[in-house]
Amino acid sequence: SKPSGPLIMGNSVGASGMGDMGSLGGSGSGPTNGLTLHQSQVLNLIKAYPKPEGLSFQELRSQLPNLNASVIKQAVDFLSNEGHIYSTVDDEHFKSTDAE
Amino acid sequence: LERIRRNKEAALLRLAARHA
Numbered sequence: 003s004k005p006s007g008p009l010i011m012g013n014s015v016g017a018s019g020m021g022d023m024g025s026l027g028g029s030g031s032g033p034t035n036g037l038t039l040h041q042s043q044v045l046n047l048i049k050a051y052p053k054p055e056g057l058s059f060q061e062l063r064s065q066l067p068n069l070n071a072s073v074i075k076q077a078v079d080f081l082s083n084e085g086h087i088y089s090t091v092d093d094e095h096f097k098s099t100d101a102e
Numbered sequence: 082l083e084r085i086r087r088n089k090e091a092a093l094l095r096l097a098a099r100h101a
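Going down the list, the protein sequences come from chains A and B.
Taking the working numbering, the leading residue of the first sequence gets 3, the next gets one more, and so forth.
Taking the working numbering, the leading residue of the second sequence gets 82, the next gets one more, and so forth.
In structure tokens form, the structure reads like this:
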């Protein structure tokens, strides 16, 4: 008395779901405010750093061992350019302007 | 340390400009 037969396949779902990538370029729903992942990681570390002289580039590197130096440097340059961070005692120490 | 303060002010100005 079982309803035999391949009447219900259920695998037609997704056949038309491709190519729907329109969410790029919207306002975005991620945790970043227009920053890349690396940039926001760097910014968060600098924000979280308690010392008044700011976080050094060396420490940034050791905190982000999976990123190479040039990526970190780019993130720092970007954040500095945007006004999120600024250099302190020298060009390798940074503090955040966002910290309230 | 005057340099630091100027850097900070410059950064804050940049930040403000971005949000304006």
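Cβ atoms here follow ideal geometry from the backbone N, Cα and C, with glycine treated the same way.
Only a predicted model underlies this, so the values are computations on that prediction, with no experimental measurement involved.
field: For Leu96(B) and Gly85(A), believed in contact at Cβ under 8 Å, the rounded distance
entry: Taking the first sequence and counting its residues from 1, one reaches residue 85(A) at position 83. Taking the second sequence and counting its residues from 1, one reaches residue 96(B) at position 15. Rounded to the nearest angstrom, the Cβ distance from Gly85(A) to Leu96(B) is 3 Å, consistent with a contact under 8 Å.
query: Below 8 Å, can you find three or more Cβ-Cβ pairs linking the segment 55 to 67 of chain A to the segment 93 to 102 of chain A?
result: With a cut-off of 8 Å, the segment 93 to 102 of chain A and the segment 55 to 67 of chain A count as touching, because enough Cβ pairs lie within range.
- prompt: Between Asn88(B) and Ser89(A), is the Cβ-Cβ spacing less than 8 Å?
  reply: What you label residue 88(B) is simply residue 7 of the second sequence in a count that begins at 1. What you label residue 89(A) is simply residue 87 of the first sequence in a count that begins at 1. Between Asn88(B) and Ser89(A), the gap from beta carbon to beta carbon is short of 8 Å.
- prompt: Using a C-beta to C-beta distance shorter than 7 Å, which residues of chain B count as neighbours of Thr136(A)?
  reply: Any answer about residue 136(A) is impossible in this case: the structure gives chain A only from 3 up to 102.
query: Given Leu93(B), which residues of its chain have a CB within under 7 Å of its CB, disregarding the five upstream and five downstream residues?
result: In the second sequence, counting from the first residue as 1, residue 93(B) sits at position 12. A distance below 7 Å between beta-carbons, with the five flanking residues on each side excluded, links Leu93(B) to no residue of its chain.
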